[in-house]
Amino acid sequence: MNNYSVRTYQKSDKTRWDEFVRDSKNGTFLFLRDFMEYHEDRFSDASLLVFKQDNLVALLPANQHDKVVHSHQGLSYGGILLKKRSKFEEVHQVYKSVLVYLENHGVSKLHLKLIPSFYTTHPSEELNYLLFLTESILHRVHLTSVIDYRSRMPIQGNRKEGVKKAERAGLTIKEEDVFEPFWQEILIPNLELRHGAKPVHSTEEITRLAKAFPKNIHQFNVYHKEEIVAGCTIFETKTTAHVQYISANSDRQQLGSLDLLFQFLIEERFSDKGFFDFGTSNENQGLNVNGGLLYWKECFGARSKACYFYEVDPSNHTQLDTVII
Numbered sequence: 000m001n002n003y004s005v006r007t008y009q010k011s012d013k014t015r016w017d018e019f020v021r022d023s024k025n026g027t028f029l030f031l032r033d034f035m036e037y038h039e040d041r042f043s044d045a046s047l048l049v050f051k052q053d054n055l056v057a058l059l060p061a062n063q064h065d066k067v068v069h070s071h072q073g074l075s076y077g078g079i080l081l082k083k084r085s086k087f088e089e090v091h092q093v094y095k096s097v098l099v100y101l102e103n104h105g106v107s108k109l110h111l112k113l114i115p116s117f118y119t120t121h122p123s124e125e126l127n128y129l130l131f132l133t134e135s136i137l138h139r140v141h142l143t144s145v146i147d148y149r150s151r152m153p154i155q156g157n158r159k160e161g162v163k164k165a166e167r168a169g170l171t172i173k174e175e176d177v178f179e180p181f182w183q184e185i186l187i188p189n190l191e192l193r194h195g196a197k198p199v200h201s202t203e204e205i206t207r208l209a210k211a212f213p214k215n216i217h218q219f220n221v222y223h224k225e226e227i228v229a230g231c232t233i234f235e236t237k238t239t240a241h242v243q244y245i246s247a248n249s250d251r252q253q254l255g256s257l258d259l260l261f262q263f264l265i266e267e268r269f270s271d272k273g274f275f276d277f278g279t280s281n282e283n284q285g286l287n288v289n290g291g292l293l294y295w296k297e298c299f300g301a302r303s304k305a306c307y308f309y310e311v312d313p314s315n316h317t318q319l320d321t322v323i324i
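For reference, each letter of the sequence shown is one residue, going 0 to 324 in numbering that gives the first Met the number 0.
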């Protein structure tokens, strides 16, 4: 392990960081600094770079609150980003080096939201095994609904009936580069009414991010007689189209607006992807599932994949001393 060193991210590392993310086997555009830093006022950055001698071999996107490091509270997922050519022994040393570094800097816990496997371009589950070895605590699991285009389930008849309703009503779908109509007329009112909540991203934030990442962030709206009635925001990665936001007005059942939209997204717009990720249907920190929402996703042929949240005690790095024999 003497060949490995760890240090905190500095602003001068931006170009090097971004180049590594783009060429990694498990990174997505969410880990690029322009995305991570759109809400830098909300989080204290604690990202780490890991070197083998002078070569950058891994990144840990992270923030810190008190003595706890999170990867990452402002992102959908986190973990250790790795090179395409990384092998197990190197990942083992990277993980141990990170834990030793955190322990030496007074960190009591490391919280990790693992990157779901369908976002990776190459097999990348070394960390899953290493978390087991360091007696990490699995403290939360979410279910996300995913279509695997290699083995698609057919769309069920009730969703097809919704599409027919939409076609009879003359609904139209538009991919647009403005977010305000969907945010102000559909998304914000619905979240406030049903959950007393607001979108994670403000209108200004999502607009700024879409301008920075035009190939990754897309807005689709459904119109009935020039009135917006539904919409969806998609985050596109190399492997996956992910539903970041979805909402519709109170006529969605009668109009079939979301059925029409998602048939288009799944069967046409993103059919060249490996996966279509509807996102989670969990509530109450993962302890409950919104059954109606999950059923609706499953009617499009989506099935469940688990997203894992771990808590690690950095001092358990000693458990890694005798792994390889």
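Glycine is no exception: its CB is placed at the ideal position from the N, C-alpha and C atoms. Please read these numbers as outputs of a predicted model, since none were measured by experiment.
Closer than 6 Å by C-beta to Leu259: which residues in its own chain qualify, once you throw out the five before and the five after it? Chain order, please.
-> Position 260 of the sequence shown holds residue 259. Excluding five sequence positions before and after Leu259, the CB atoms of its chain that fall closer than 6 Å to its own CB belong to Val162, Ala165, Leu170, given in chain order.
Can you give me the Cβ contacts of Thr27 inside the same chain, cut-off strictly under 7 Å, excluding the 5 residues immediately before and after it?
-> Your numbering for residue 27 matches position 28 in the sequence shown. Excluding residues within five positions, the ones whose Cβ falls inside 7 Å are Tyr118, Thr236.
What residue range is occupied by the uninterrupted alpha helix (DSSP H) comprising Tyr307?
-> As a working mapping, residue 307 is identified with position 308 in the sequence shown. Note, Tyr307: premise wrong, no alpha helix (DSSP H); beta strand (DSSP E) at 302-311.
In chain order, each alpha helix (DSSP H) run of at least 4 residues that lies wholly inside the stretch 62-131 | Correct list: 87-103.
Can you give the beta carbon distance from Leu126 to Val97, rounded, assuming they're within the 8 Å contact cut?
-> Your numbering for residue 126 matches position 127 in the sequence shown. Your numbering for residue 97 matches position 98 in the sequence shown. In fact, because the Cβ distance is near 10 Å, the residues do not count as touching under 8 Å.
Enumerate, from N- to C-terminal direction, the unbroken beta strand (DSSP E) stretches of 3 or more residues contained entirely within the stretch 170-226.
-> 171-175, 216-223
Grouping DSSP H, G and I as helix and E and B as strand, with all else coil, what is Phe269?
-> Position 270 of the sequence shown, counting from 1, holds the residue named residue 269. It is coil, neither helix nor strand.
Note down, one range per segment and in chain order, each alpha helix (DSSP H) of at least 4 residues found wholly within the stretch 20-44.
-> 32-35
Span separating the alpha-carbon of Pro153 from that of His194 = Within the sequence shown, residue 153 is the residue found at index 154, counting from 1. Within the sequence shown, residue 194 is the residue found at index 195, counting from 1. Rounded to the nearest angstrom, the two C-alpha atoms are 32 Å apart.
With 16 as the cutoff for other CB atoms within 10 Å, does Asp276 come out buried or exposed?
-> The residue given as residue 276 occupies position 277 in the sequence shown. By the 10 Å Cβ count, Asp276 comes out buried.
Look at Lys24 and Leu74 and say whether their C-beta atoms are less than 7 Å apart.
-> Translated into positions along the sequence shown, residue 24 becomes position 25. Translated into positions along the sequence shown, residue 74 becomes position 75. Not a contact, by the Cβ cut-off of 7 Å.
Same chain, Cβ closer than 6 Å to Phe87, neighbours up to 5 away in sequence not counted = Locating residue 87 in the sequence shown gives position 88, counting from the first residue. The residues are Glu125.
How many Å lie between Ser70 and Met35 at the Cα?
-> Here the question's residue 70 lines up with position 71 in the sequence shown. Here the question's residue 35 lines up with position 36 in the sequence shown. Using only the alpha carbons, I get a separation of about 11 Å.
Counting along the chain, where does the alpha helix (DSSP H) carrying Ser135 start and finish?
-> The residue given as residue 135 occupies position 136 in the sequence shown. Ser135 -> no alpha helix (DSSP H), and no H or E assigned at all.
Leu137 to Leu130 span [Cα, whole Å] = The residue you call residue 137 lines up with position 138 of the sequence shown. The residue you call residue 130 lines up with position 131 of the sequence shown. Approximately 9 Å between the Cα atoms of the pair.
Ser246, DSSP secondary structure in three states | Indexing the sequence shown from 1 puts residue 246 at position 247. Note: Ser246 maps to strand in three-state DSSP.
Since Ala229 contacts Ile185 with CB under 8 Å, what's their CB separation in whole angstroms?
-> As a first step, residue 229 must be located in the sequence shown, where it is residue number 230. As a first step, residue 185 must be located in the sequence shown, where it is residue number 186. Right, their Cβ atoms sit about 7 Å apart.
For Phe299, three-class secondary structure by DSSP | What you label residue 299 is simply residue 300 of the sequence shown in a count that begins at 1. Correct three-state label for Phe299: coil.
Do the CB positions of Ala325 and Ala61 come within less than 7 Å of each other?
-> Given a span of 0 to 324 for the chain in the structure shown, any question on residue 325 remains unanswerable.
Any idea which residues DSSP pairs Glu282 with across the strands?
-> As a position in the sequence shown, residue 282 is number 283, starting the count at 1. Per DSSP, Asn287.
Sequence-distant residues of its chain with Cβ nearer than 6 Å to Leu113 (five each side left out) = In the sequence shown, counting from the first residue as 1, residue 113 sits at position 114. Correct list, in chain order: Gly78, Tyr307.
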